[in-house]
Ligand SMILES: *Cc1c(COP(=O)(O)O)cnc(C)c1O
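Numbering (our numbering), first residue to last: 7 to 310.
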């Protein structure tokens with residue numbers, strides 16, 4: 007369905023013709039390409055690991071360094087882009103990119119940390135509904151995260167994990183084995199946790215179908231979109247995905263150490279039955295920076 011045919015090798019003349027007809031081709035000149043010893047630029051096909059540096063980055067970083075030098079701690083509130091609400095500058099473009107509402111996305115932490123925080127809320131094994139379905143050969147960091155989440159709940163990963171082999175023949179639909187496994191797991195299934203685009207095979211799963219089938223058996227769907235964000239069109243809200251996280255340093259070119267991002271579907275925003283690990287930023291926005299009312303020495307109020 008979403009599986010892409012492997013294109014036939016193209017001769018270089020045809021390839022440059024295709025380049026000339028590409029609406030996005032002009033963006034190439036906005037990125038820094040490492041060069042080989044003979045001075046020619048790399049053919050860069052590593053956006054799946056670290057995107058190239060946009061040439062605008064040094065000037066953009068200098069603006070923030072200037073704010074720091076000029077305002078110190080007040081840079082949180084002063085300067086061209088005060089840091090306190092800095093993440094808000096990314097909200098609208100992120101929502102557009104991911105097919106989400108603005109209230110459903112935020113830029114924070116790293117992908118793996120986000121996965122843990124999201125699973126802390128959404129993975130709530132109960133009765134026989136304990137299993138997590140993943141693709142076989144999932145990205146190692148995800149495997150470690152899921153295994154340790156199961157152990158955190160006292161569940162042996164050998165029993166709690168359903169691993170589905172989706173690396174099928176190129177002509178076949180990689181979503182079919184997922185659907186079969188979801189139906190088979192039925193009400194033992196708590197959660198499907200899937201790469202939107204499989205990092206190894208490149209398969210782009212039919213996400214709306216996975217969501218529909220998982221919801222039918224009462225399971226949630228979480229996605230790791232590391233290889234999908236900035237790479238394929240996404241409609242997380244309309245597809246009904248429950249939660250997702252991804253990183254920004256691959257196809258989104260944010261650079262090494264760039265923050266991760268996450269999505270939580272609107273339907274879960276008012277739920278009070280999910281576990282939440284809170285800190286300043288997970289606390290009510292209006293009162294998030296008030297100093298604590300409770301100390302070892304009893305209750306105190308800063309207002310007095
Ligand atoms: C790159 C990648 C990660 C990396 O996670 P970090 O927390 O940013 O180190 C996780 N999952 C997948 C599928 C990835 O491709």
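We put the beta carbon where it would ideally sit given N, CA and C, even for glycine. No experiment lies behind these values; they were computed from the predicted model shown.
Report yes if the C-beta of residue i is less than 8 Å from at least one heavy atom of ligand 1; otherwise report no.
i: residue 147; result: yes
i: residue 52; result: no
i: residue 116; result: yes
i: residue 246; result: no
i: residue 241; result: no
i: residue 230; result: yes
i: residue 87; result: no
i: residue 224; result: no
i: residue 208; result: no
i: residue 255; result: yes
i: residue 119; result: yes
i: residue 201; result: yes
Using CA coordinates, which residue listed in the options is at the minimum distance from residue i?
i: residue 177; options: 197, 209, 205, 169; result: 209
i: residue 199; options: 134, 17, 225; result: 225
i: residue 255; options: 234, 271, 272, 244; result: 234
i: residue 172; options: 206, 81, 63; result: 206
i: residue 236; options: 120, 101, 248, 288; result: 101
i: residue 218; options: 189, 240, 239; result: 189
i: residue 244; options: 110, 40, 287; result: 110
i: residue 131; options: 145, 74, 73, 194; result: 194
i: residue 51; options: 34, 45, 65; result: 34
i: residue 54; options: 215, 242, 238, 16; result: 238
i: residue 204; options: 145, 129, 289; result: 145
i: residue 278; options: 128, 285, 48, 67; result: 128
i: residue 133; options: 196, 22, 67; result: 196
For residue i, which residues from the same chain have a beta carbon less than 6 Å from its beta carbon, with the 5 sequence-adjacent residues on both sides left out?
i: residue 96; result: 113
i: residue 231; result: 202, 250, 252
i: residue 7; result: Any reading at residue 7 must be qualified, since the residue scores a pLDDT of 46, below 50, and its modelled position is unreliable; the value itself is stated next. 179, 212.
i: residue 31; result: 25
i: residue 308; result: For residue 308, the pLDDT reaches just 48, beneath the cut-off of 50, and the residue's location in the model is therefore unreliable, although a value from the coordinates is still provided. Excluding positions up to five away in sequence, the list reads 297.
Within a Cβ cutoff of 8 Å, which residues of the same chain sit near residue i, ignoring the five residues on either side of it in sequence?
i: residue 221; result: 227, 246
i: residue 19; result: none
i: residue 98; result: 108
Less than 7 Å between C-beta atoms, sequence neighbours within five positions excluded: which residues of the same chain meet that for residue i?
i: residue 170; result: 139, 141, 142, 183, 184, 187
i: residue 283; result: 123, 126
i: residue 61; result: 36, 37, 38
i: residue 118; result: 147, 151
i: residue 261; result: 59, 63, 255
Contact defined as beta carbons within less than 8 Å: I believe residue i pairs with residue j. What is the distance between those atoms, to the nearest angstrom?
i: residue 137; j: residue 166; result: 6 Å
i: residue 274; j: residue 280; result: 7 Å
i: residue 223; j: residue 191; result: 7 Å
i: residue 258; j: residue 57; result: 7 Å
i: residue 158; j: residue 265; result: About 24 Å separates the two Cβ atoms, so there is no contact after all.
Runs of beta strand (DSSP E) lying entirely within the stretch 65-116, each at least 3 residues, in chain order: For the stretch 65-116, the continuous beta strand (DSSP E) assignments of 3+ residues that do not extend past its boundaries occur at 111-113, in sequence order.
Beta strand (DSSP E) segments (min. 3 residues) lying fully within the stretch 210-284: Runs of the beta strand (DSSP E) inside the stretch 210-284: 226-230, 249-253, 266-270.
Ranges of the alpha helix (DSSP H) found wholly within the stretch 13-74, counting only runs of at least 4: Counting whole runs of 4 or more residues, the stretch 13-74 contains the alpha helix (DSSP H) stretches 18-26.
3-residue-minimum beta strand (DSSP E) runs that sit fully inside the stretch 130-156, ordered along the chain: Taking only runs of at least 3 residues, the beta strand (DSSP E) segments lying wholly in the stretch 130-156 are 137-141.
Alpha helix (DSSP H) segments (min. 4 residues) lying fully within the stretch 168-197: Whole alpha helix (DSSP H) segments, 4+ residues: 181-191.
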